[in-house]
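Residue numbers (the working numbering): 504 to 1063.
Here it is, written out as structure tokens:
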């Protein structure tokens, strides 16, 4: 197989040397050009990318007709790159470049406008089919690459290296493989006559050179992962069942598709695939058991179990060659469809399983009394397990309103549990900081006593900005237009916090902070006026071990 692939590459190189070099140059420019997606730029490097379809098509046509101009096609490439530099894509040149592209497309697909009408139509049809098939194969390569990358990231807990450059990677893969597959199909034009033979050859490429190597790569990855978890003596990660099931399904699909291949490759590997699948199959069921025991049954997990049962039956049947009957596999599948759509209700099973999960979690958190009713008096969010609260919160969101008021409990009680979770969440170190500060806003009509004031002055929205000053003695609100300024002593903020029992060195829940923030919405200043504030934002500074006012909107101010 390896020697066959090298021989094919060598034959393509000998037949299309300049096309290959042009493709490598274009891919290299994509790799090193920073703004590779900026169509407004100019320059020779961008011209190499933008005009690649143009000079590649003319070079290919010169090679197709064995013209003596083929070896001088470099000059056409340089001329187009220079033209792209001096006549940019935009800036009122779109019509010009549209015309250039249409001319090259017509020349390329028709094979340089042959005289014979039948040959003209035949060339366009064949080239279009090849072009479509190569793009399909190239996008399959992209999908397979990212599936392998995602599996490696999940299984081995690695950093997603290529996500940042996903656009560049996709362009590279499509540029290289679309050209490669097109040349491969064009090289065989004289070796087959019917369109069905072209499709079978494309399927042969897909099975032998794309899907089968991916199955072997996944086999190595799964066995490496099994070795890693055995060495570390730990349970599989949550998504391992999806990855393993996808790998096994792909392997079984390749075994079936190989029946259609004229020259199936990797014979030894697929002869042993059913035996190699025993360990991944065990990993699949361990992952399913771990997921179901931890989080209960859902509709998706029920279908996952059904598919896993079918895959298990298929693989076990493949261990004995005389049991490999695709008709029997079809009957298994029909039986599974009948059971899941006509006999059982996955939605009802999901609800009962998740209700059981809710009761178990609530019991572990001591939220249920002896009669199974919710007891929610005087709960301390800091003393509760945040992960279990998060799970309860997700269950309430998912099943609220189903079968009564969500698992048969009152809506007020469920809302209170959600509030407890939000309060517990706010006590974590990553919350109430600059990136996720506490925010208070007036949401209802509130009466403000005004007998101590003589005048209310309204200000323009967002005209005053608070100056963020770390560890300052006062807070300043400044107007960028009028240069007006109000200052508030930090001691005033600290006094308000102390009045509401907010001490230094401790984090507090949202309801406690809301009362203090509500009082801060009427804030006395050093200038003798009282600010009327909204959208009061408080953050907890670890360095100072205390809360600080970091932002607010001035609606106006009261004069005494």
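Positions of the beta carbon are idealized from the N, C-alpha and C atoms, including for glycine.
Residue 979 carries a strand assignment under DSSP once its states are collapsed to helix, strand and coil. Out of 848, 581, 651, the CA that lies nearest to the CA of residue 552 is found in 581. Beta-bridge partners assigned by DSSP to residue 1049: 1044. For residue 780, the closest alpha carbon among the candidates 610, 532, 729 is that of 729. If you look at residue 1025, you'll find it in the beta strand (DSSP E) that goes 1025-1027. As summarised for the stretch 840-927, the continuous alpha helix (DSSP H) elements at least 4 residues long and confined to that stretch are 849-867, 889-902, given in chain order. In terms of CA proximity to residue 741, 658 leads the group 1019, 874, 658.
Measuring C-alpha to C-alpha distances from residue 722 to each of 778, 859, 1026 identifies 778 as the nearest. If the five residues before and after residue 755 are omitted, its C-beta is found closer than 6 Å to the C-beta atoms of 817, all from its own chain and listed in chain order. Put simply, the stretch 652-667 does not touch the stretch 589-609. Fewer than three CB pairs are less than 8 Å apart. Just measuring C-alpha positions, the residue of 837, 534, 843, 868 sitting nearest residue 671 is 534. Going by beta carbons, residue 736 and residue 758 fall outside the 8 Å limit.
The stretch 871-878 and the stretch 791-800 do not touch, with fewer than three beta-carbon pairs separated by less than 8 Å. Shown here, residue 988 sits in a strand according to DSSP, grouped into three states. Collapsing the DSSP output to three states places residue 518 in a helix. Taking 8 Å as the upper bound for CB-CB distance, residue 790 and residue 744 are in contact here, some 4 Å apart. Sequence-distant partners of residue 998 (beyond 5 residues in either direction) whose C-beta falls short of 8 Å from its own C-beta are missing from its chain. With a cutoff of 8 Å on beta-carbon distance, residue 990 and residue 1028 are scored as near each other. One Cα belongs to residue 531, the other to residue 678, and the distance between them is close to 11 Å.
Beta-bridge annotation (DSSP): residue 814 is not paired with any residue. Collapsing the DSSP output to three states places residue 665 in coil. Using a C-beta cut-off of 8 Å, the stretch 761-770 makes contact with the stretch 702-712, since at least three inter-stretch Cβ pairs fall below that distance. Of the candidates 525, 849, 827, 554, 849 places its Cα closest to the Cα of residue 807. In this structure, the beta-carbon distance from residue 748 to residue 823 does not fall below 8 Å. Less than 8 Å separates the beta-carbon of residue 1039 from that of residue 1055.
In this structure, DSSP gives residue 1061 an extended state, which the three-state scheme calls strand. Take residue 616, set aside five residues on each side of it, and the residues of its chain with a beta-carbon closer than 8 Å to its own are 609, 610, 623, in chain order. Under DSSP, residue 1033 forms a beta bridge with 1027, 1061. Cβ neighbours of residue 809 within its own chain (closer than 7 Å, five residues either side excluded): 839, 843.
If you look at residue 758, you'll find it in the alpha helix (DSSP H) that goes 743-760.
CA-to-CA, the gap between residue 923 and residue 1058 works out to about 32 Å. Setting aside the 5 residues that flank it on each side, residue 976 is surrounded in the same chain by 992, 993, each with a C-beta closer than 7 Å to its C-beta; the list follows chain order.
Under the DSSP assignment, residue 569 falls outside any beta strand (DSSP E); it carries neither an H nor an E label.
DSSP places residue 835 in the helix class (H, G or I) of the three-state scheme. Taken in chain order, the unbroken stretches of alpha helix (DSSP H) that lie wholly in the stretch 553-636 and span 4 residues or more are 555-567, 576-589, 597-613. Taking 8 Å as the cut-off, the Cβ atoms of residue 633 and residue 688 count as close.
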